[in-house]
Structures are given as C-alpha cells and as structure tokens.
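Residue numbers (numbering that gives the first Met the number 0), protein chains in the order written: chain A, 0 to 345; chain B, 0 to 345.
See structure below.
Protein chains: 2
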Amino acid sequence: MSQRRPTITDVARAAGVSKGAVSFALNGRPGVAEETRRRILAVAKELGWTPSHRARALSTSRAFAVGLVLARPPELLGADPFFPAFIAGVERVLAEQSQALVLQVVTSQRAEEDGYRRLAADGRVDGVFLLDLRVADPRIALLEELRLPAVTLGRPDVASPFPAVLVDDRPGIAAAVRHLVELGHRHVAHVAGPDHFLHGAARRDAWENALRDAGLSPGPCVPSDFSAAGGARATHHLLDLADPPSAIIYANDVMAMAGMAVARERGLDVPGQLSVTGFDDTELAAHISPALTSVRTDPSGWGGVAARTLLDLVDGNGGPDVEMPPAQLVVRASTAAPPPTPHQSP
Amino acid sequence: MSQRRPTITDVARAAGVSKGAVSFALNGRPGVAEETRRRILAVAKELGWTPSHRARALSTSRAFAVGLVLARPPELLGADPFFPAFIAGVERVLAEQSQALVLQVVTSQRAEEDGYRRLAADGRVDGVFLLDLRVADPRIALLEELRLPAVTLGRPDVASPFPAVLVDDRPGIAAAVRHLVELGHRHVAHVAGPDHFLHGAARRDAWENALRDAGLSPGPCVPSDFSAAGGARATHHLLDLADPPSAIIYANDVMAMAGMAVARERGLDVPGQLSVTGFDDTELAAHISPALTSVRTDPSGWGGVAARTLLDLVDGNGGPDVEMPPAQLVVRASTAAPPPTPHQSP
DNA sequence: AGCATCTCCCAAACCGGTTTAGCGACCGGT
DNA sequence: ACCGGTCGCTAAACCGGTTTGGGAGATGCT
Numbered sequence: 000m001s002q003r004r005p006t007i008t009d010v011a012r013a014a015g016v017s018k019g020a021v022s023f024a025l026n027g028r029p030g031v032a033e034e035t036r037r038r039i040l041a042v043a044k045e046l047g048w049t050p051s052h053r054a055r056a057l058s059t060s061r062a063f064a065v066g067l068v069l070a071r072p073p074e075l076l077g078a079d080p081f082f083p084a085f086i087a088g089v090e091r092v093l094a095e096q097s098q099a100l101v102l103q104v105v106t107s108q109r110a111e112e113d114g115y116r117r118l119a120a121d122g123r124v125d126g127v128f129l130l131d132l133r134v135a136d137p138r139i140a141l142l143e144e145l146r147l148p149a150v151t152l153g154r155p156d157v158a159s160p161f162p163a164v165l166v167d168d169r170p171g172i173a174a175a176v177r178h179l180v181e182l183g184h185r186h187v188a189h190v191a192g193p194d195h196f197l198h199g200a201a202r203r204d205a206w207e208n209a210l211r212d213a214g215l216s217p218g219p220c221v222p223s224d225f226s227a228a229g230g231a232r233a234t235h236h237l238l239d240l241a242d243p244p245s246a247i248i249y250a251n252d253v254m255a256m257a258g259m260a261v262a263r264e265r266g267l268d269v270p271g272q273l274s275v276t277g278f279d280d281t282e283l284a285a286h287i288s289p290a291l292t293s294v295r296t297d298p299s300g301w302g303g304v305a306a307r308t309l310l311d312l313v314d315g316n317g318g319p320d321v322e323m324p325p326a327q328l329v330v331r332a333s334t335a336a337p338p339p340t341p342h343q344s345p
Numbered sequence: 000m001s002q003r004r005p006t007i008t009d010v011a012r013a014a015g016v017s018k019g020a021v022s023f024a025l026n027g028r029p030g031v032a033e034e035t036r037r038r039i040l041a042v043a044k045e046l047g048w049t050p051s052h053r054a055r056a057l058s059t060s061r062a063f064a065v066g067l068v069l070a071r072p073p074e075l076l077g078a079d080p081f082f083p084a085f086i087a088g089v090e091r092v093l094a095e096q097s098q099a100l101v102l103q104v105v106t107s108q109r110a111e112e113d114g115y116r117r118l119a120a121d122g123r124v125d126g127v128f129l130l131d132l133r134v135a136d137p138r139i140a141l142l143e144e145l146r147l148p149a150v151t152l153g154r155p156d157v158a159s160p161f162p163a164v165l166v167d168d169r170p171g172i173a174a175a176v177r178h179l180v181e182l183g184h185r186h187v188a189h190v191a192g193p194d195h196f197l198h199g200a201a202r203r204d205a206w207e208n209a210l211r212d213a214g215l216s217p218g219p220c221v222p223s224d225f226s227a228a229g230g231a232r233a234t235h236h237l238l239d240l241a242d243p244p245s246a247i248i249y250a251n252d253v254m255a256m257a258g259m260a261v262a263r264e265r266g267l268d269v270p271g272q273l274s275v276t277g278f279d280d281t282e283l284a285a286h287i288s289p290a291l292t293s294v295r296t297d298p299s300g301w302g303g304v305a306a307r308t309l310l311d312l313v314d315g316n317g318g319p320d321v322e323m324p325p326a327q328l329v330v331r332a333s334t335a336a337p338p339p340t341p342h343q344s345p
C-alpha cells in the first residue's frame, strides 16, 4: 500500500542490516555472508525494490546509457533504411545490460557538434556512436576533447583513439562491377553519395578500382545525396551524356529506384537497355519491377557489435577494432547483358 | 587546468556565497539580489560550470527525459518512413528544453511492455509517447498502473487518462476514394494494415465509408502488414479474383509500390489498367514510375506537437487533446480512368 | 526608540545509492 | 593465554544538486 517506491533504506531496515550491506549484496560483492545475501535479496524482492537508477548514476558518476547523434537532412530521414536497423541492433545488446539509448536527431552539422557537447556536459551518456564518418572528421577531436568514449562505424581517415567497427562496402561494390563486366558491360557509371562521407568515397573508389582491375576505364561518376530526387537528377545527367553508360551503380537503393524510374520515363528498358544496381538491399528492392540487384548489408548486426564494443570501452576494456563480414551482392532482375552498341559491334 | 568539472560548491566558494544561493540564482528564483545573481552567474560562466544533470535528477526526482518504445518487426524497421520523421519532430522541441529522448526498439509486444516497465522502474523518463495504438490497447492500463505520463498519437478506443494528438488519416483516404470515383472507378479495393492497429482500422473504415457515400459497394479488402512482401501478396490475391478491382488503395506507400510492381509483372499497365494509391507520401513516391498518388502526412509535425504536449503534461499542465490538420491527397500519375469493362460498357 | 516586516542570504537536511574506515567476533598458531 | 589475520558487518562520508528553516540587517510605522 506504500505510495512511494521502497528505497535501499527500507530494505536494510526490513532485513535488519545496514544500507551498505544491501548494496554489497545486490552488487554481488564479497564481504557479505551467503546466508545474509540471500536474505537481503529475498527481502528486496518481497518489497519490490529496484535500485534507483538516478541515485546510482550520481554516486557512481555513470549514466548507464549511450548516445547517438544523428545528422540527417529531413527529407532523407524517412527513407534511410540504415539508421532504424542499426538502432535495433544496438538495442538488442543494450537491453540485456540495462543500458539505455539516448538519441538526438539534428539537421545540421553545427547542431550535431552541439548535440555531442550537450550529451557530454549533461553527463547523459557514458559513450557515443560515431556514424557517417566524414573526411577529416572534426568530431573525432571533439569527442577526445570532451573525454567522451566512442566507437566509430568504419575507420576514420584521421588518427583516432577510438575502437572502430570495420564495415567494408567495397567488396559488394566490386562484386557488382564484376557482375556487370561479366555480363558484357564496358561503360559502367556510378551515382555516388556525398563526397565528404567516407563511405561515399569508399564506394566510389571500389567502383573505380574494380573497373580498372577489369581493364576498363571508369565511366562517369556523379556525386549525389542519397535522396530519390538526387538519384533522379544524377540519372538524367548521365543519360543526357553523348556517350551514356550501359549500366549504373548507385550508392543506395533509393537513388537506384529513382534512377530506374527515370530510365523508364525516358523510354529505356531496364535491364534491356540499362542495367542498374543499388546498395542496402532494402526490403522493397526485391519487390519492385524489375527487382533490383543490390548489395546486402547488415546494419542491425553492426549495431549489435558496435554496442558491445562501446560498452566494453566504457567499462575500461578498450578492445581492438572489429572486422565485420563484407557486404554481399544480391543479383536480381535489374541487371542484364547490355544491348549491342556501335562501340562493340564492328 | 582543473581536471574534474566544477561543482556548485566551487562556484559558491568562488562567488563568496552559499550553495543554496547559487542554486537560487541559477534557477531564477526570488530571494537573491539582482546584483548578487549577476555576480554568481558571471562566476559560473567563468568557471564553465554546468549543473550536473545527474545530481539534479536525483534531488528533484525528475529524469528530464522522455521515452519512446517502438515495437516493429525487424523487416519493417528500415522501410518505415514514419518513425524517423516523428523522432526528428520530437527532438526539435526536446532540444530547446534540454530534455533528452530515450529510445527503445523491440520486436515483440511482450518486450514492448517490458520496455515501458523498465523505463518506469529505472525512472529514466518522465513520460512516454504511445504510438501505433492498437484495438483495446493494453498499454494504456499499463502506463496508468506505472504512473507514467503519456501522450497518445491518435485517440484510443478505450478510456484513456492521457492527452492525445489527434491525427486523422480518414480525410486523406476518403479523398483518394473520391478521386478514383471521379475518374470513373466503380471497383476499388483496399490493401489494409494489420487489423489490430487502430490506424489500420481507421483507414479501412474511411475507404469503406467513402465508397458507400459514393453509392458504391466496397470492393474487397485484404489485411496486410505494411511490408513490401505483404503488399505484393495482397495484390496477387486481388488480381487473382474473378472480378479484380480497377483500383487499389494501399495503406502505405511501400505496399503500393510493391503492388505496382506485381501489376506490371502480370502485364497490367498502371494506371491504364489498374490505378494505385499509397499512403505516407514518402520521398520516393514522387520518383518512381509512374509517380505514386499518395496521401501526405506530417509525422515530423506530429512529433513536435506530441513532444510539447508531453512536456506540458509532465510539468503538471495536462492539456486537452490536440487536433492536427488532416492528411492531404497528392495526385500523381498512378491513377487514371479505368479501362472500359464489361460491367460498364453496355 | 521600539517593534513588526521584509529582504537577502546561510547552514543543514535531503534525494538514494556507493564506498571507505573501522570494529568486534572468530580463527588458527604458538 | 596471547597475538595476528580474516570475515562479516556497521557507521559515516560522499556524489552534486534542491529545498527548508531561520538569522542578521535594513526598512517602515507609530
């Protein structure tokens, strides 16, 4: 019938011991007899006592939470398949450790840094995830200055004191290029993500290198922004060229789908006259027409590993970088042999 | 050069006042001379002092955070345009109040209730958002029992002590039906969301009522699950009927896009032989071919209003329900007049 | 001058845990 | 019988704020 929730003092009194004993018993620390420990825990359960997270946070100077600051332009937020899946993976491991996830969504980079500052200043979190690594990412130094432990998704291009979860997009892109080359394509373009993202650059490099490895010169590359509108724009640009590509590798599925639509509106058959590949392998990719050849990634798996790595780091067990399995190509109906062209038919 | 961050005691000492005075000054409470207040604040700024969120949380028994528990099957997480946008809207108002958002993503309903229990038991949050209302939603009673303030998105079908942010999907669906009827459709089917969601049921009712209002009998309705796979399945089902519909209203864009693909694979022209409408108006909707007629919603706007409502509630200013503007139909290329059929041509 | 009132501030208690210092009981060894 | 060491526990300090009770000094009123 008690209105207010029981405190450690209530448990101590009921068990006939001191607060300290209850604390020791709860945390499984030595120095309390097994018999006593059991009794204390029994009383605690009977009273329905749960240690106050707030009090514990104050006295241990820990937040028991990790943070994620996400900078996304509003129009991309809804379309991004990565971030919700990543979070789900994170949650899976946080939940079993009674840790919480504090999320901040911001729309500009300036706000993003403020977000980290606030998380740090408030002591809301014990560590953070660093996503969407950028070229010469200033956030690394910021987090160092804030003394905020972090785990990066991908390997930064600047010196970083933080463990990284290494995800390699390149094999997937390379596989896509090889797949297209094997089909006979000689003119493979790329619609990339923004230049300043490391993963955008990595996918672009992979595309370029794979083509060179095949003895071909890379087709045109158009940097874009991961949005459907951007993908459509880039596609128009490529198809307007004097010598348009016979295949386009897009840096994500959304741009690829928009690109397919553009091709179609221009009267081009996909894959008959233009092959298209995406990246992410979203659920929709398999259910559009033609079904989209894409590169499957595992954001949820990355989230889980990143969370575990971060919790270890926060506990003082800074581990080494973790390598994740490479992305895999999933071949569907949006890729096929190119049409015969003046270049190829004598 | 101090390693550890300054505390209120440091500020008090430096300003030559007591801790209490600093606290009063900071919180703008009466009882401290204007001159003194300015001096204290100056010293605080000079020392770079920020009140410890943890200490404040303990002494005021407030978390200065709100929570969101999201139950989604993994395969839907990436495709759902609603939740990231909603969160972005929430953040916009939380940020300006120095509140944080604690997120929990779970995959089963059982886990969802545990999620709320944990948030409450840990005192991690002062209130929560209740999304995806279900028929006879048990979470209402749970939150009441947990004494956790909440704001619901939509009006529950059970007695609820919580303020609601009222979003009405029905006008959008009704507009879609009217649009199709005006085009000449007489046989309009619906691919719905899961039956147990209130908004799924609402969209279904709206579809049904709008058809009746037009003097037509509702075509078949297939409940589905908001996934691309589900949308494809439902579409096959509808097109396999002896008397297939000439138009299908889908409960979200993803199912509509998958449905369009199915129609196409079966050799049906959209919109020539089958008209299709979606719901959500995702960014991609405008960039597929044919561009998808859809119903535009404003999840980010809802998030902002829901956050403000929740913060007010937590502060003891439980307000009335808030009505949001209705969803609007956006007509694009996926809808057109139906082909002449035996029914219609004498 | 005397007294009530008001303003401004301080000291101390409090929130609910964790952690340290230390004390008595018990143990084995000599 | 005495001594050093371990075990099991308690009391109290501590984390860093907020809040309450009350005291000193200035002011107003008669």
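All C-beta atoms in this analysis are idealised placements derived from N, C-alpha and C, irrespective of residue type, glycine included.
Run of the beta strand (DSSP E) containing residue i, from where it starts to where it stops
i, result
"Ile-39 (chain A)", "No beta strand (DSSP E) contains Ile-39 (chain A), which is instead part of the alpha helix (DSSP H) from 33 to 46."
"Pro-222 (chain A)", "220 to 222"
"Thr-346 (chain B)", "A question about residue 346 (chain B) goes unanswered here, because the residues of chain B that appear run from 0 up to 345."
"Leu-182 (chain A)", "Here Leu-182 (chain A) belongs to no beta strand (DSSP E); instead the alpha helix (DSSP H) covers 169 to 182."
"Ser-293 (chain A)", "293 to 295"
"Gly-317 (chain A)", "Taken as a continuous stretch (DSSP letters only), Gly-317 (chain A) belongs to no beta strand (DSSP E), as it is neither H nor E."
"Ala-70 (chain B)", "64 to 70"
"Val-164 (chain B)", "163 to 165"
Helix, strand or coil at residue i according to DSSP, with G and I counted as helix
i, result
"Glu-207 (chain A)", "helix"
"Ala-188 (chain A)", "strand"
"Gln-103 (chain A)", "strand"
"Phe-23 (chain A)", "helix"
"Leu-75 (chain B)", "helix"
"Ala-87 (chain B)", "helix"
"Val-127 (chain A)", "strand"
"Gly-303 (chain B)", "helix"
"Ala-326 (chain A)", "coil"
"Ala-158 (chain B)", "coil"
"Arg-138 (chain B)", "helix"
"Val-261 (chain B)", "helix"
"Ser-58 (chain B)", "helix"
"Pro-339 (chain A)", "coil"
"Asp-212 (chain B)", "helix"
Reference residue i; option with closest CA among the options
i, options, result
"Leu-348 (chain B)", "A:Arg-4, A:Gly-300, A:Pro-338 and A:Thr-59", "Here chain B comprises residues numbered 0 to 345, so residue 348 (chain B) is not present and cannot be evaluated."
"Ser-333 (chain A)", "A:Leu-179, A:Ser-299 and A:His-189", "A:Leu-179"
"Leu-93 (chain B)", "B:Ile-172, B:Phe-128 and B:Gly-266", "B:Phe-128"
"Ser-107 (chain A)", "B:Gln-103, B:Arg-91 and B:Ala-99", "B:Arg-91"
"Pro-298 (chain B)", "B:Ala-290, B:Asp-311, B:Val-21 and B:Ala-326", "B:Ala-326"
"Val-330 (chain B)", "B:Pro-80, B:Asp-320, B:Gly-15 and B:Ala-174", "B:Ala-174"
"Val-65 (chain A)", "A:Ala-149, A:Ser-51 and A:Ser-293", "A:Ala-149"
"Gly-47 (chain B)", "A:Arg-116, A:Val-105, A:Ala-62 and A:Trp-48", "A:Arg-116"
"Pro-324 (chain B)", "B:Val-304, B:Leu-118, B:Arg-123 and B:Pro-80", "B:Val-304"
"Arg-204 (chain B)", "B:Ala-84, B:Asp-136, B:Ala-246 and B:Gly-171", "It is worth fixing the name first, because residue 204 (chain B) is Asp in this sequence and not Arg. Here the closest residue by C-alpha is B:Gly-171."
First through last residue of the alpha helix (DSSP H) which encompasses residue i
i, result
"Ala-228 (chain B)", "227 to 239"
"Ala-120 (chain A)", "108 to 121"
Residues of the stretch 244 to 261 of chain A in Cβ contact with chain B at a cutoff of 7 angstroms, in chain order, please. Val-253, Met-256, Ala-257 and Ala-260
Using a Cβ-Cβ cut-off of less than 9 angstroms, give me the residues of the stretch 64 to 83 of chain B that come near chain A, in sequence order. Ala-64, Gly-66, Leu-67, Leu-69, Arg-71, Pro-73, Glu-74, Leu-75, Leu-76, Gly-77, Ala-78, Asp-79, Pro-80, Phe-81, Phe-82 and Pro-83
The stretch 287 to 317 of chain A: which residues have C-beta closer than 9 angstroms to a C-beta of chain B, in chain order? Ile-287, Ser-288, Pro-289, Ala-290, Pro-298 and Ser-299
Could you please tell me which residues of the stretch 34 to 60 of chain A, in chain order, have their CB closer than 7 angstroms to any CB of chain B? Thr-49, Ser-51, His-52, Arg-53, Ala-54, Ala-56 and Leu-57
Select from the stretch 85 to 96 of chain B all residues with a C-beta closer than 7 angstroms to any C-beta belonging to chain A, and list them in chain order. Ile-86, Ala-87 and Glu-90
Any C-beta of chain A within less than 9 angstroms: which residues of the stretch 125 to 136 of chain B qualify? none
Examine the Cβ distances between the stretch 208 to 222 of chain B and the stretch 275 to 295 of chain B and report whether three or more of them are shorter than 8 angstroms. no
Residues, ordered as in the chain, of the stretch 102 to 123 of chain B that lie near chain A by beta-carbon distance below 9 angstroms: Leu-102, Gln-103, Val-104, Val-105, Thr-106, Ala-110, Asp-113, Gly-114, Arg-117, Leu-118, Ala-120, Asp-121, Gly-122 and Arg-123
Which of the residues in the stretch 201 to 233 of chain A, read from start to end, lie with their CB under 8 angstroms from any CB of chain B? Ser-226, Ala-227, Ala-228, Gly-230 and Ala-231
Inter-stretch contact (C-beta, 8 angstroms, three-pair minimum) for the stretch 301 to 310 of chain A and the stretch 147 to 165 of chain A: yes
Evaluate contact between the stretch 221 to 234 of chain A and the stretch 71 to 78 of chain A, counting only Cβ atoms and requiring at least three cross-stretch pairs below 8 angstroms. yes
Using 8 angstroms as the cut-off, can you tell me whether the stretch 55 to 70 of chain A makes contact with the stretch 47 to 59 of chain B, which would need three or more C-beta pairs spanning the two stretches below that distance? yes
Tell me which residues of the stretch 266 to 287 of chain B have at least one Cβ-Cβ distance to chain A shorter than 9 angstroms, keeping chain order. Asp-279, Thr-281, Glu-282, Leu-283, Ala-284, Ala-285, His-286 and Ile-287
Pairing CB atoms from the stretch 95 to 111 of chain A with CB atoms from the stretch 82 to 91 of chain B, are three or more of them under 8 angstroms? yes
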